[in-house]
Amino acid sequence: MADNVEIVEGCRLPVLRKNQEHEDEWPLAEILSVKEVSSRKLFYVHYIDFNKRLDEWVTGDRLDMKKLQFPKKEAKTPTKNGLSGSRPSSPEREVRKSLDLNVQSTTAPSRGKTLPTPKRKVEAVPLATQVPPATPVPSLPSSAEASQASVFPAVRETNTFKSREEHEQISSLTTNGTARRLIPPQPGRKRKANCGGTDEDSQDSSDGIPSAPRMTGSLVSDRSHDDIVTRMKNIECIELGRHRLKPWYFSPYPQELTTLPILYLCEFCLKYLKSLKCLQRHLTKCNLRHPPGNEIYRKGTISFFEIDGRKNKNYSQNLCLLAKCFLDHKTLYYDTDPFLFYVMTEYDSKGFHIVGYFSKEKESTEDYNVACILTLPPYQRRGYGKLLIEFSYELSKVEGKTGTPEKPLSDLGLLSYRSYWSQTILEILMDLKPDNGERPQITINEISEITSVKKEDVISTLQYLNLINYYKGQYILTLSEDIVDGHERAMQKRHLRIDPKCLHFTPKDWSKRGKW
Amino acid sequence: MSKLSFRARALDASKPLPVFRCEDLPDLHEYASINRAVPQMPTGMEKEEESEHHLQRAISAQQVYGEKRDNMVIPVPEAESNITYYESLYPGEFKMPKQLIHIQPFSLDTEQPDYDLDSEDDAFVNKLKKKMEISFLQFEEMIDRLEKGSGQQAVSLSEAKLLLKEDDELIKEVFDYWSRKRKNSRANCLIPTVKQEKRDGSSTSDPYVAFRRRTEKMQTRKNRKNDEASYEKMLKLRRDLSRAVTILEMIKRREKSKRELLHLTLEIFEKRNVMSDYGGEVMAEVLAERALVRPQIIPLVPVTNQYRHQDHMDPKDYKSKPEKTEVPRQKRKYEKKQKALPLSSGAPHHPGPVVFNAKDLNQYDFPSSDDEPFSQLHSGSSEAEEENDPDGAYAFRRKAGCQYYAARQDRVGSWPWCEPWDGGLAEARFRYSLTTLTVPRRCLGMARRRVGRGGRVLLDRAHTDYDNVFHGLDPEILNLTSETNTSDRSSSSFNSSLSSTSPSSTDLSQILLNIKLCRWRHFRPRTLPLHELDHAHPLFRKLSRSLKRPVSTSTCVTSHPSRSTRWQFKTEFDK
Chain A
1 MADNVEIVEG
11 CRLPVLRKNQ
21 EHEDEWPLAE
31 ILSVKEVSSR
41 KLFYVHYIDF
51 NKRLDEWVTG
61 DRLDMKKLQF
71 PKKEAKTPTK
81 NGLSGSRPSS
91 PEREVRKSLD
101 LNVQSTTAPS
111 RGKTLPTPKR
121 KVEAVPLATQ
131 VPPATPVPSL
141 PSSAEASQAS
151 VFPAVRETNT
161 FKSREEHEQI
171 SSLTTNGTAR
181 RLIPPQPGRK
191 RKANCGGTDE
201 DSQDSSDGIP
211 SAPRMTGSLV
221 SDRSHDDIVT
231 RMKNIECIEL
241 GRHRLKPWYF
251 SPYPQELTTL
261 PILYLCEFCL
271 KYLKSLKCLQ
281 RHLTKCNLRH
291 PPGNEIYRKG
301 TISFFEIDGR
311 KNKNYSQNLC
321 LLAKCFLDHK
331 TLYYDTDPFL
341 FYVMTEYDSK
351 GFHIVGYFSK
361 EKESTEDYNV
371 ACILTLPPYQ
381 RRGYGKLLIE
391 FSYELSKVEG
401 KTGTPEKPLS
411 DLGLLSYRSY
421 WSQTILEILM
431 DLKPDNGERP
441 QITINEISEI
451 TSVKKEDVIS
461 TLQYLNLINY
471 YKGQYILTLS
481 EDIVDGHERA
491 MQKRHLRIDP
501 KCLHFTPKDW
511 SKRGKW
Chain B
1 MSKLSFRARA
11 LDASKPLPVF
21 RCEDLPDLHE
31 YASINRAVPQ
41 MPTGMEKEEE
51 SEHHLQRAIS
61 AQQVYGEKRD
71 NMVIPVPEAE
81 SNITYYESLY
91 PGEFKMPKQL
101 IHIQPFSLDT
111 EQPDYDLDSE
121 DDAFVNKLKK
131 KMEISFLQFE
141 EMIDRLEKGS
151 GQQAVSLSEA
161 KLLLKEDDEL
171 IKEVFDYWSR
181 KRKNSRANCL
191 IPTVKQEKRD
201 GSSTSDPYVA
211 FRRRTEKMQT
221 RKNRKNDEAS
231 YEKMLKLRRD
241 LSRAVTILEM
251 IKRREKSKRE
261 LLHLTLEIFE
271 KRNVMSDYGG
281 EVMAEVLAER
291 ALVRPQIIPL
301 VPVTNQYRHQ
311 DHMDPKDYKS
321 KPEKTEVPRQ
331 KRKYEKKQKA
341 LPLSSGAPHH
351 PGPVVFNAKD
361 LNQYDFPSSD
371 DEPFSQLHSG
381 SSEAEEENDP
391 DGAYAFRRKA
401 GCQYYAARQD
411 RVGSWPWCEP
421 WDGGLAEARF
431 RYSLTTLTVP
441 RRCLGMARRR
451 VGRGGRVLLD
461 RAHTDYDNVF
471 HGLDPEILNL
481 TSETNTSDRS
491 SSSFNSSLSS
501 TSPSSTDLSQ
511 ILLNIKLCRW
521 RHFRPRTLPL
531 HELDHAHPLF
541 RKLSRSLKRP
551 VSTSTCVTSH
561 PSRSTRWQFK
571 TEFDK
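Line by line, the protein sequences give chains A and B. In this text, residue positions in the first sequence follow full-length UniProt numbering: the first is 1, and each later residue adds one. In this text, residue positions in the second sequence follow full-length UniProt numbering: the first is 1, and each later residue adds one.
Next comes the structure, spelled out in structure tokens:
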């Protein structure tokens with residue numbers, strides 16, 4: 001049935017996927033890209049309201065064509081920050097191109113690059129059902145929009161096609177290019193709402209010249225530099241030691257490596273290699289069996305290594321490239337110089353295997369004690385994340401500072417931190433003993449000092465746990481039975497802990513060094 | 001429930017919060033409705049992401065069950081950990097060191113080639129091995145060098161031979177193989193590397209460019225201050241050095257002049273010896289002559305900084321010196337002006353680059369916005385002199401082109417104007433004579449001239465009984481006397497018998513008659529009406545000047561000193 005209707009980037013329709021119970025479900029999805037592999041069409045779909053780590057290439061038979069919604073031809077969505085110059089060309093054309101050239105079966109989606117094209121004409125081909133023509137669709141998230149999409153005719157010939165050569169030229173860039181502007185952002189899409197009008201937003205919205213992002217921090221919430229390329233995963237699979245990881249997000253590994261079915265990483269220096277053969281050769285030369293830094297913590301098989309982003313650029317960059325595969329908001333725009341990397345490893349007879357890491361600005365202007373934090377997928381849901389977080393606060397305790405993770409948090413980040421904060425604070429509250437028969441009491445500042453958790457995070461946790469109550473003219477903290485039981489159960493499961501005695505860490509005053 | 005109307009106080013982080021167990025507070029629920037008084041904190045997540053299905057499900061599951069259920073976790077793409085060849089890939093064991101691992105600085109910089117041989121290379125090298133000796137590592141090293149030796153453009157074979165230390169034959173083989181492979185590769189490089197930013201800034205939005213240098217902004221901000229300071233220091237240093245150079249130049253010139261002077265003195269001495277001028281009469285005569293005609297020798301100083309400095313000085317001078325001090329000063333100023341103006345024609349008050357001529361550029365001093373003209377002002381005189389100069393702007397300063405005589409102790413007056421009993425020549429034209437100034441136009445009575453310091457011509461006035469008469473004389477009447485007399489060099493053949501002290505015996509009409517008949521000398525210096533000019537409109541001043549003296553800049557340079565002294569000579573008559 002898909003034969004007579006052309007599915008273009010920006011179309012929405014239910015797509016079959018298996019949920020965690022291995023049941024079929026048909027969430028609404030958006031087509032981000034179309035490619036043909038051995039004359040079979042594949043569609044890159046983003047499930048609306050699902051994190052984009054679940055985006056995937058699907059075959060046509062998983063699409064519910066009956067409920068196909070064509071992209072609202074958004075007249076001119078106010079160009080988001082700067083990318084107007086390099087906007088993908090119009091979807092229709094792109095699709096045609098990819099159809100014209102069945103050549104690119106092997107071309108991975110990410111080979112694409114946005115082309116500077118003249119602004120898309122508001123090409124009003126449409127039809128009867130069309131909603132007010134050329135009404136700019138505000139790029140406000142609104143779930144209502146989804147249903148308004150106008151239906152496009154099956155075939156459009158209004159676009160005059162350029163000469164063949166030009167197609168040839170662009171051929172390697174096809175398939176993905178477009179959807180970005182096409183679809184009004186929906187809730188759940190990663191794009192930032194325009195209405196927020198945050199600082200960053202207003203900063204670089206001028207003149208279509210993308211300005212460089214701020215130089216501090218490691219995360220972007222401003223997606224102005226986000227385009228269709230970075231919205232799609234570009235690495236199919238990474239082999240790292242014993243593990244094969246399916247990346248969740250785009251990562252700027254060298255472009256020629258993105259077409260590989262598997263990208264090989266040296267488990268210890270994280271160098272990327274195009275083939276197993278190369279990895280083998282590399283391993284004859286690479287004698288690292290641990291991250292190339294100083295071990296500042298060891299207890300049992302768990303160790304932490306500190307790596308200076310300036311002194312050990314190679315490793316830091318390799319680590320960032322790997323981490324980007326799993327961190328949506330991480331930016332690799334700038335070098336790694338102002339960061340320290342704390343790599344957590346687990347030892348076995350082969351060496352110290354990376355489990356996760358967090359990075360930290362040498363000097364943070366905003367009390368951040370963590371920039372990016374990641375547990376590698378094979379180690380997730382086993383308490384390592386909390387261990388990383390705990391370690392980050394132990395460092396802050398040594399520094400005598402309170403700290404907070406850099407924002408924005410990811411979904412998993414929020415859950416992990418909330419969980420850590422909850423357990424840490426509850427641990428303190430439950431341990432409070434009555435003082436001379438008086439009811440135990442504690443200030444928020446005290447909690448913050450003891451835990452090095454920033455005050456705001458303490459408050460938000462207390463709120464989240466619903467511990468703060470107003471009672472008889474004053475605020476009190478109340479511990480319900482549920483909370484206490486839940487906490488005790490959770491703590492029983494939490495066997496991995498940081499032992500401050502095993503930490504050998506002297507903070508450096510980076511401000512005195514002039515350079516990071 | 002009336003409590004509800006109260007607004008809850010803001011949560012104070014420094015205020016102790018009592019900790020209760022819920023079971024201890026059975027009436028808590030009654031107060032529960034105002035719990036919301038503490039505003040909800042942001043989660044720190046992106047708004048759109050916060051609403052994602054799986055997260056919301058996980059959060060609510062947690063809130064319902066107190067902990068996450070396995071099927072309520074946020075799903076992520078799968079990862080496998082069953083690489084079967086792992087053991088063989090990472091052979092050997094690594095024993096955990098007892099001590100914490102400490103990396104030695106630079107220990108990571110291995111000499112190993114970054115290039116890793118792939119299966120294609122493997123086949124090639126194995127084939128090559130049959131012909132010549134080569135190891136995998138050696139091959140990798142060669143490729144590594146070739147790759148790193150090439151930028152956008154691949155190295156050529158000849159360059160490759162320089163890069164590689166292997167046999168030519170081997171180099172040729174590997175080079176050919178490498179060139180072919182490189183050409184076929186999609187990337188421009190066989191060692192995959194993360195894309196670097198381009199200098200032109202075109203890569204700002206290229207998603208594949210990563211790890212850009214962040215130095216730009218931060219560095220400039222840090223260094224700008226530095227730059228400014230060091231720039232200033234450099235300017236100062238340059239100025240000081242060029243000053244030193246100037247001083248040395250001047251010293252050199254001074255010493256040259258000294259030597260010249262010595263030679264001349266010797267020459268004069270010899271000449272005098274030849275002339276048998278033992279009494280010094282000839283000498284005195286000559287000197288007196290010179291003092292009047294062109295009292296100064298043309299200095300050997302050609303175009304130099306100094307000249308320019310004077311130009312520089314002019315406008316400054318104008319400002320710093322009070323206009324109305326003494327007339328002579330003013331005159332001198334004017335005279336300096338004269339020098340400057342012809343050069344900087346059209347821009348009299350701009351001592352800027354216009355004034356420089358080509359030769360100046362060869363000097364060590366280049367015009368710079370920072371170099372205020374004044375800084376060079378005194379470079380002609382020595383530093384010490386400059387420093388302990390209590391008179392400031394009014395201090396005596398040597399003037400280029402002027403000859404300064406030392407005070408004579410030995411013989412008071414071997415001067416042409418001195419009476420013979422003073423050892424002078426008592427020349428007729430230096431005798432006391434009736435003197436009329438042109439400006440102000442009045443008759444002074446009896447006066448004689450002599451040359452004073454700096455070549456100034458001074459008038460010694462003599463008191464006579466007829467002073468009242470003289471002063472009342474209408475200069476116009478005296479004007480009737482022949483023009484020949486007006487010149488200061490008038491060499492009237494009429495040699496008055498009147499001695500300087502004699503007029504007392506003559507009566508007025510006699511005197512007038514004598515004057516008119518040119519029997520009496522009547523000295524009327526040709527002084528320009530400078531006051532008027534000085535106060536006149538600058539344009540007029542210039543005009544009048546140029547009328548008198550159409551100067552070409554090139555010649556004025558050398559002719560100037562004599563001119564200036566002439567001027568000086570004339571203007572000093574006001575005294």
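Each residue gets a CB set at the ideal place from its N, CA and C atoms; glycine is no exception. All figures in this text were calculated on a predicted structure; none of them were measured in a lab.
Once DSSP output is grouped into helix, strand and coil, what is the label at Lys271/A? coil
Pairwise C-alpha distance: Tyr253/A and Leu32/A: 21 Å
Evaluate Arg289/A with the Cβ neighbour count: other Cβ atoms within 10 Å of its Cβ, from every protein chain shown; 16 or more gives buried, anything less gives exposed. buried
Of the residues Glu169/B, Leu137/B, Asp121/B and Trp178/B, which one's Cα is nearest the Cα of Glu147/B? Trp178/B
Excluding the 5 residues flanking Glu197/B on each side, which residues of the same chain have their C-beta closer than 6 Å to its C-beta? Ser203, Val209 and Arg212
Let's test the definition: count the other Cβ atoms within 10 Å of the Cβ of His282/A and tell me whether it reaches 16, buried, or not, exposed. buried
Contacts that Val398/A makes with chain B (C-beta to C-beta distance below 7 Å): Neighbours of Val398/A on chain B: none; closest Cβ ~16 Å, over 7 Å.
Apart from the five residues just before and just after Ala160/B, which ones in its own chain have a Cβ nearer than 7 Å to its Cβ? Leu146, Ile171 and Phe175.
Can you tell me whether DSSP reads Trp57/A as helix, strand or coil? strand
Within a Cβ cutoff of 6 Å, which residues of the same chain sit near Tyr347/A, ignoring the five residues on either side of it in sequence? Thr301
What are the partner residues of Gln441/A, as DSSP defines its beta bridges? Pro18/B
Based on Cα-Cα distance, which residue from Lys195/B, Ala426/B and Phe124/B lies nearest to Gln152/B? Selection Lys195/B, Ala426/B and Phe124/B evaluated against Gln152/B yields Lys195/B as nearest (Cα-Cα).
I need the DSSP call for Arg489/A, collapsed to helix, strand or coil. helix
Which residues does DSSP list as the beta-bridge partners of Tyr432/B? Bridge partners of Tyr432/B: none, in fact.
Using CA atoms only, rank isn't needed, just tell me which of Lys285/A, Glu446/A and Gln317/A is closest to Asp12/B. Comparing Cα positions, the closest option is Glu446/A.
Within this structure, are the beta carbons of Leu28/B and Leu477/A separated by less than 8 Å? Remark: C-beta atoms of Leu28/B and Leu477/A do not approach each other more closely than 8 Å.
In chain order, what residues of the same chain lie with their CB nearer than 7 Å to the CB of Lys276/A, ignoring the 5 residues before and after it? Here residue 276/A turns out to be Leu, not Lys, going by the sequence shown. The beta carbon of Leu276/A sits closer than 7 Å to those of Tyr264, all from its chain and outside the five residues before and after it, given in chain order.
Assess contact between the stretch 491 to 501 of chain A and the stretch 43 to 53 of chain B, defined as three or more Cβ pairs (one per stretch) separated by less than 8 Å. Is contact present? no
Our contact map puts Tyr297/A next to His504/A with C-beta atoms below 8 Å; I'd like the distance itself, whole angstroms only. 7 Å
Hey, quick one: how far does the alpha helix (DSSP H) through Met430/A stretch, first residue to last? Element bounds for Met430/A: Asp411 to Asp431.
Given 8 Å as the limit, is there contact between the stretch 357 to 369 of chain A and the stretch 395 to 415 of chain A, that is, 3 or more CB pairs closer than that? yes
What are the start and end residues of the beta strand (DSSP E) that includes Tyr384/A? Here Tyr384/A belongs to no beta strand (DSSP E); instead the alpha helix (DSSP H) covers Tyr384 to Glu399.
Just the Cα atoms here: how many angstroms apart are Asn19/A and Lys181/B? 46 Å
Would you call the CB atoms of Val343/A and Gly385/A closer than 8 Å? no
Could you please give me the residues that DSSP links to Arg12/A through a beta bridge? Glu30/A and Gln69/A
Just to confirm the assignment: which complete alpha helix (DSSP H) runs, minimum length 4, are found wholly within the stretch 300 to 327 of chain A? 313 to 324
Can you pull the DSSP bridge partners for Gln474/A? Tyr471/A
Please list the partners that Trp248/A has in chain B, where partner means a Cβ-to-Cβ separation under 9 Å. Val76 and Pro77
Can the beta-carbon of residue 599/B be found closer than 8 Å to that of Glu239/A? With chain B covering 1 to 575 only, the question about residue 599/B has no answer from this structure.
Looking at the C-beta of Lys360/A, does it have a partner C-beta in chain B at a distance below 8 Å? no
Express the C-alpha separation of Gly201/B and Asp370/B in angstroms, rounding to a whole number. Annotation note: pLDDT 45 at Asp370/B (below 50); position unreliable, no value reported.
Using the C-alpha atoms, what's the distance from Leu376/A back to Lys271/A? 16 Å
Note down the Cα distance separating Tyr379/A from Gln423/A, rounded to an integer number of angstroms. 21 Å
Is the distance from the Cβ of Leu28/A to the Cβ of Lys35/A below 8 Å? no
Run the CB neighbour count on Ser392/A, radius 10 Å, all protein chains shown included, and call it buried at 16 or more, exposed below. Here Ser392/A is buried: its Cβ has 16 or more other Cβ atoms, across all protein chains shown, within 10 Å.
Could you tell me whether the Cβ of Glu147/B comes closer than 8 Å to any Cβ of chain A? no
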